[in-house]
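Just below is one structure, and these are the notes that go with it.
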Amino acid sequence: MNDTRISFTLKDREIILIGTAHVSRESINEVDKAIREENPGLVCVELDAERFASISRKENWEKLDIIKIFKEGKGFLLMANLTLASFQRRMGLELGVKPGEEMKTAVETAAELGIPYSLCDREVHLTLRRAWARCGFLSKCKLLATLASSAFSTEKLSETEIENLKNRSELDGMMAELADYLPKVKETLIDERDRYLAAKIWAAAANVRESPPKIVAVVGAGHIQGIKANMEKIANKEAGEDVSELDSIPPGSALGKAAGWIFPGIIVALIVLGFFRAGAGVVPSMVLRWILWNGSLAALGTLIALGHPLSILVSFLGAPIATINPFIGVGLFSGIAEATMRRPQVADAQSISEDIGSLKGIYRNRITKALLVFFLSSIGGAIGNFISIPALAGLLVK
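Shown next as structure tokens:
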């Protein structure tokens, strides 16, 4: 049995939560039917303004400035957005349903009936940045691996399997698995948003004119139990729930801030140690070995991405500079070089939604290729740093 609809009353407020799967045809029909039958005073949807705009009209990728994205340090954020969009779109195409169509239907049905609606979710870029900021190094590696596997996965889900995602026992199992594998990500993507959505729905309900107020909230099925539990906590308070801290990026820990200096510190220390132990003659060999490992693997990453020859050269030269200055990454250099030498065209922007669905499309599209150059050169440079340390240490024991 699918637990897709629960109703409860708190402080004279009747709350009806409709749990959906984001690429489910059945969810679209259920949302439309529920709003028409209940005729509430307010409809709340699990969307923020940016995502609502993107599903309400064709995504305006023509305005995307990929060089600006790299300069602002948002390369990984854009990659995560595109990967998630690719995964949902691939499932939706197989079922003939656009991702988020049930949320769009909720807004359209409310507008048709003259019912006010409220967008109650946190901005997606804040959610992703908070998830990334709260992850440790190992969790970041797991998250990147998960995103990469999702991007290139060929797994297909049937319509029955999609509908089963709304089943309570199925959801509990998935949440438990996510909590075990990436606990901080689960807290940010699920637990925090349960609290955030509950607070925003509760606050929006205060503006409903009818008495007693009736609210229909359309949310992902994985959130309905958490939202209900958080609303019960809010109802027991004198004032509403303040979730303003969930709209900001948590400051990094002292260890996290210092981590960026670890590799340059170790490399410089090894070279200085080499100078005192073996004399000035060993220093050029150590520096050359470090540059070759670090630069060559960054360049190799760009080559695997089929980057422009100049992008490969920039990766090689930029990786050692990026290592010494932890505030920049080699991906900044290589990504900008690729986007400059192979400047994205309008056609790339117009086809990005289709191209992100296949490896061939990712390599063909100049926007996604620049992102691939950014990503693989960064990974290559990081691996080069790991390898160069024992390579440098090896010169000290000769």
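Each residue of the sequence shown is one higher than the one before, starting from 1 at the first, in this note's numbering.
Idealized CB from N, CA, C, for every residue including glycine.
These numbers were taken from a predicted model, which means no experiment stands behind them.
Query	Result
By a C-beta neighbour count over all protein chains shown, 10 Å radius and 16 as the cutoff for buried, is residue 36 buried or exposed?	exposed
Beta-carbon separation of residue 75 and residue 371 under 8 Å?	yes
Evaluate the contact criterion for the stretch 282-301 versus the stretch 349-359: three or more CB pairs, one atom per stretch, below 8 Å.	no
Compare the beta carbon distance of residue 273 and residue 143 with 8 Å and say whether it is the shorter of the two.	no
For residue 108 and residue 53, what's the separation of their Cα atoms in angstroms?	13 Å
Can you give me the Cβ contacts of residue 214 inside the same chain, cut-off strictly under 6 Å, excluding the 5 residues immediately before and after it?	14, 40, 41
Figure out for me which residue from 104, 51, 181 has the closest Cα to the Cα of residue 124.	51
Can you look up residue 90 in the DSSP assignment and give me helix, strand or coil?	With a pLDDT of 49 at residue 90, under the threshold of 50, the modelled position of that residue is not reliable, and no figure is offered here.
Touch check for the stretch 128-141 and the stretch 216-230: three-plus C-beta pairs under 8 Å?	no
I believe residue 318 touches residue 374 by the beta-carbon criterion, under 8 Å. Please report the beta-carbon distance rounded to the nearest angstrom.	Going by Cβ atoms, the distance from residue 318 to residue 374 rounds to 12 Å, so no, they are not a contact pair.
Between the beta-carbon of residue 19 and the beta-carbon of residue 221, is there less than 8 Å?	yes
Using a 10 Å radius around the Cβ and a threshold of 16 neighbouring Cβ atoms, would you call residue 71 buried or exposed?	exposed
Quick one: grab the DSSP three-state call for residue 14.	strand
Would you grab the beta carbon distance between residue 192 and residue 246 for me? Rounded to a whole angstrom, and I think it's under 8 Å.	6 Å
For residue 315 versus residue 301, is the C-beta distance shorter than 8 Å?	yes
So, helix, strand or coil for residue 208, using DSSP?	coil
Using C-beta distances below 7 Å, list every residue in its chain close to residue 212, excluding the 5 sequence neighbours before and after it, in chain order.	12, 13, 14
Rounded to whole angstroms, how far is the Cβ of residue 216 from the Cβ of residue 16, which I believe are closer than 8 Å?	5 Å
Excluding five sequence neighbours on each side, which residues of the same chain lie with their C-beta closer than 7 Å to the C-beta of residue 6?	17, 224, 228
On the premise that residue 267 lies in contact with residue 388, defined as a C-beta separation below 8 Å, what is that separation, rounded to the nearest angstrom?	7 Å
With the cut-off set at 8 Å, would you say residue 219 and residue 197 are in Cβ contact?	yes
Measure the CB-CB distance between residue 48 and residue 122 and report whether it falls below 8 Å.	yes
Under the three-state reduction of DSSP, which class applies to residue 233: helix, strand or coil?	helix
What does the alpha-carbon distance come out to for the pair residue 291 and residue 303?	17 Å
From residue 281 to residue 287, what distance separates their C-alpha atoms?	11 Å
To the nearest whole angstrom, what separates the beta carbons of residue 129 and residue 262, a pair I think is in contact under 8 Å?	Their Cβ separation, rounded to whole angstroms, is 23 Å, which puts residue 129 and residue 262 out of contact at 8 Å.
Among 233, 201, 131, which has the Cα closest to the Cα of residue 407?	The chain is shown only over 1 to 398; residue 407 falls outside these bounds and no answer can be derived.
Tell me which same chain residues have a C-beta within less than 6 Å of the C-beta of residue 96, skipping the five on either side of it?	Low per-residue confidence applies at residue 96: pLDDT is 45, beneath 50, and the placement is therefore not dependable, though the value from the model is reported in the following sentence. Answer for residue 96: no residue qualifies.
Terminal residues of the continuous alpha helix (DSSP H) containing residue 369?	366-396
Grab me the residues of residue 311's own chain with a C-beta within less than 7 Å of its C-beta, minus the 5 sequence neighbours each way, in chain order.	302, 334, 337, 338, 341, 373
Would you kindly work out how many angstroms separate the C-alpha atoms of residue 115 and residue 235, rounded to a whole number?	24 Å
If contacts are defined as beta-carbon pairs under 8 Å, then residue 120 and residue 200 qualify, I think. What distance do you get, rounded to the angstrom?	4 Å
Report, in whole angstroms, the separation of the C-beta atoms of residue 367 and residue 344, which I expect to be a contact under 8 Å.	5 Å
On the three-state DSSP scale, how would you describe residue 43?	strand
Starting from residue 283, trace the alpha helix (DSSP H) both ways and give me its first and last residue.	282-304
Helix or strand or just coil, what does DSSP make of residue 74?	coil
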